[in-house]
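**Student:** Structure below; questions to follow.
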Amino acid sequence: MKKNLIAGNWKMHTTPQEARELAQKIAAGNPQNAVLCPPMTSIAAVAEITHGTAIGLGAQNCHFEAKGAFTGEVSPSMLIACGCTHVIIGHSERRTLFGETDELIAKKVWSALDAGLTPLFCVGETLSERQSESWKSVIERQLKAVFAGADPDNVGGIVIAYEPVWAIGTGLAATPEQAEEVHVFIRTCLHNLIGNPASDMLILYGGSVNEGNARTLLSQPNINGALVGGASLKAEQFLAICAAGL
Ligand code: PEP
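Using my numbering, the first residue of the sequence shown is number 7, and each one after it goes up by one.
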C-alpha cells in the first residue's frame, strides 16, 4: 500500500484572484494526486479551475453541525455544495491558536465523513513533547479521541496527517527515519483501535516538505503522501512535490 496524496494547505493566503491564478498554474501541470485547500473565500474561485480535473478541493476547517446559529462557521454540506471533496481538521494551528480540543476535533471528523467529505485529520507533537519523549502518548491520545469505539467498516475514508508541530513552517522537516518511525507507530495504534482497515489508511507527513526533501520522505513505506504548507503556494514547487510522490 503506497498510494500518494499531496494536499496543499494555503492557510490564510490568496485573494480569489490570486487563488485562481495559482490553481490555474497547478492545473496546467495536470497532477493526478493533488488536493488544493485554499481559504474559504477562495474555494469558489478554485472550484472553477479544479472542476472536471483529477485535482481535489479541500477546506481548512468546518463546523460539526449541518446548519444553525453558529456565526462565522461553515458546515460540511456547505463545503460539498461549493465543490469540496476534502477538509483539513485538527491542524495544530487550530488546536493551539483557536483552542480546538480532541473532543471537538473528533466531532468534526465524523461529521465531515458522514457528510461525504474526506477528512484530513491532523495529529502531532510539540517540540517539548518530542524532547520529553512523550510524543507516543500525545499521538495515541489524539488518535483515540477519534477512533476509540469507531465502527471499523466506517473509517476507510479518513486520512491521517502526521504533522510534528516543531516542523511546521520552520524549515526543519522530520528526517525520513523520524517520520517513518511515527507513521509506523500511528498505524500500530490504528490497528489496535480499528483492526485491519488500518493497513489501508493513508498517513500523510506534513512539516516543511519541499521539492528537495519530498522524494526521500515519500519513499518511506508508511508515508502515503504529504500535507504541504509554504511550498504549496508556489506552483512549480508544489508540482515537483506531486511528481515526487508518483
Ligand atoms: C502545514 O501548515 O500544514 C504545513 C505542513 O506547513 P509547512 O509545509 O509550511 O511546514
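By construction, the Cβ of each residue, glycine as well, lies at the ideal position given by its N, Cα and C atoms.
In three-state DSSP terms, what is I174?
**Tutor:** In the sequence shown, counting from the first residue as 1, residue 174 sits at position 168. Correct three-state label for I174: coil.
**Student:** DSSP on A167, reduced to helix/strand/coil?
**Tutor:** Counting from one through the sequence shown, the residue named residue 167 turns up at place 161. Strand, per DSSP.
**Student:** Quick check: the Cα distance between S143 and I192, rounded to an integer number of angstroms?
**Tutor:** The count along the sequence shown starts at 1 and reaches residue 143 at position 137. The count along the sequence shown starts at 1 and reaches residue 192 at position 186. Distance between the alpha carbons of S143 and I192: 11 Å.
**Student:** Tell me the DSSP bridge mates of F76?
**Tutor:** Here residue 76 refers to the residue found at position 70 of the sequence shown. According to DSSP, which records beta bridges pairwise, F76 is partnered with nothing at all.
**Student:** Helix, strand or coil for F153, going by three-state DSSP, please let me know.
**Tutor:** Position 147 of the sequence shown, counting from 1, holds the residue named residue 153. Helix.
**Student:** Hey, would you say the C-beta of L223 is under 8 Å away from at least one heavy atom of ligand 1?
**Tutor:** By 1-based counting over the sequence shown, the position of residue 223 is 217. Every heavy atom of ligand 1 is 8 Å or more from the Cβ of L223, so no.
**Student:** Leaving aside the five residues before and after K9 along the sequence, list all residues of the same chain whose C-beta is less than 7 Å from its C-beta, in chain order.
**Tutor:** Along the sequence shown, read from residue 1 onward, the residue named residue 9 stands at position 3. Same-chain partners within the cutoff: L208, N230.
**Student:** Nearer than 8 Å: is that true of the beta carbon of T176 relative to any heavy atom of ligand 1?
**Tutor:** Sequence index remark: in the sequence shown, residue 176 carries index 170 (1-based). Yes, the beta carbon of T176 sits closer than 8 Å to at least one heavy atom of ligand 1.
**Student:** Just list the alpha helix (DSSP H) runs in the stretch 42 to 88, keeping only unbroken ones of 4 residues or longer that don't cross its boundaries, in chain order.
**Tutor:** Here the runs fully enclosed are 49 to 56, 82 to 87.
**Student:** Locate the beta strand (DSSP E) running through H97, then write down its first and last residues.
**Tutor:** Indexing the sequence shown from 1 puts residue 97 at position 91. Note, H97: premise wrong, no beta strand (DSSP E); not H, not E.
**Student:** How far does the beta strand (DSSP E) with A13 in it extend, from its first residue to its last?
**Tutor:** Locating residue 13 in the sequence shown gives position 7, where the first residue counts as 1. 11 to 15 is the span of the beta strand (DSSP E), which, as asked, contains A13.
**Student:** Using only alpha-carbon positions, find the residue among E109, E135, P82 that is nearest to T124.
**Tutor:** Here residue 124 is taken as the residue at index 118 of the sequence shown, counted from 1. The shortest Cα separation from T124 among E109, E135, P82 belongs to P82.
**Student:** Our contact map puts V80 next to H69 with C-beta atoms below 8 Å; I'd like the distance itself, whole angstroms only.
**Tutor:** As a first step, residue 80 must be located in the sequence shown, where it is residue number 74. As a first step, residue 69 must be located in the sequence shown, where it is residue number 63. With 8 Å as the limit, V80 and H69 qualify as a contact, their Cβ atoms being about 6 Å apart.
**Student:** Cβ of L208 versus every heavy atom of ligand 1: is any distance shorter than 8 Å?
**Tutor:** In the sequence shown, residue 208 corresponds to position 202, counting from 1. Answer for L208: no, Cβ out of range of ligand 1.
**Student:** Quick check on this structure: which residue in K150, A167, R221, T181 has the alpha carbon closest to the alpha carbon of N198?
**Tutor:** Numbered from 1 along the sequence shown, position 192 holds the residue referred to as residue 198. Here the closest residue by C-alpha is K150.
**Student:** With hydrogens ignored, establish whether the beta-carbon of H19 is closer than 8 Å to any heavy atom of ligand 1.
**Tutor:** By one-based count along the sequence shown, residue 19 stands at place 13. No; taking the cut-off as 8 Å, the Cβ of H19 has no heavy atom of ligand 1 nearer than that.
**Student:** Where does P227 land, buried or exposed, given buried means 16+ other C-beta within 10 angstroms?
**Tutor:** Mapped onto the sequence shown, residue 227 falls at position 221. P227 comes out exposed.
**Student:** Using C-beta distances below 6 Å, list every residue in its chain close to R101, excluding the 5 sequence neighbours before and after it, in chain order.
**Tutor:** On the sequence shown, position 95 is the one that residue 101 refers to. For R101, where only same-chain residues beyond five positions count, there are no Cβ hits under 6 Å.
**Student:** Got a sec? Which residues, its chain only, sit under 6 Å from R221 by beta carbon, not counting five neighbours each side?
**Tutor:** The residue you call residue 221 lines up with position 215 of the sequence shown. Taken in chain order, the residues that qualify are A250.
**Student:** Taking the alpha-carbon positions, what's the G155 to E71 distance?
**Tutor:** Counted from its first residue, the sequence shown places residue 155 at position 149. Counted from its first residue, the sequence shown places residue 71 at position 65. So the alpha carbons of these two residues sit roughly 21 Å apart.
**Student:** Sort out for me which residues DSSP pairs G231 with in a bridge.
**Tutor:** Counting from one through the sequence shown, the residue named residue 231 turns up at place 225. Per DSSP, L11.
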